[in-house]
Amino acid sequence: LFRKGLLSEAALALEAEVLKNPDNAEGWRLLGVTHAENDDDQQAIAAMLRAQEANPTNLEVLLALGVSHTNELEQGEALRYLSRWLQNHPKYGALAAPHQTDSPYGPD
1 LFRKGLLSEA
11 ALALEAEVLK
21 NPDNAEGWRL
31 LGVTHAENDD
41 DQQAIAAMLR
51 AQEANPTNLE
61 VLLALGVSHT
71 NELEQGEALR
81 YLSRWLQNHP
91 KYGALAAPHQ
101 TDSPYGPD
């Protein structure tokens, strides 16, 4: 459904799936992607947060959270998730500062 561009139908199918299987991290991720593609970043963030609960280092989820928070003009949250993406990325992790505080701007 998603690949055919039927975003509303895809969202309904994915919502039914995650209601039946609330621990389905991939279902939550796909629901988040569908909401993001439908320009509903608040719903995308909510779904991606559920996906992140199951897999806190999923790079696709961290990046999507960063993008959706950017779209919502939530700079601090966007930087926090993009920093986590960088820290967990096997290719770019060495670029991230080790053990940053919760502040997206680094230690005080």
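Number 85 in UniProt numbering belongs to position 85 of the sequence shown; there are no gaps in the numbering. For every residue, glycine included, the Cβ atom is placed at its ideal position computed from N, Cα and C.
Taking 9 Å as the cut-off, the Cβ atoms of L59 and W85 count as close. For the options V67, G76 and A51, the alpha carbon positioned closest to that of V18 is the one of A51. The DSSP-derived three-state label of K91 is coil. Under a 10 Å Cβ-count criterion, A94 is classified as exposed, with fewer than 16 other Cβ atoms of the shown protein chains found around its own Cβ. The C-alpha of L79 lies about 18 Å from the C-alpha of A36. Assignment of A96 by DSSP, reduced to helix, strand and coil, places it in the coil class. Between T34 and the set E72, N21 and A10, the nearest pair of CA atoms involves A10.
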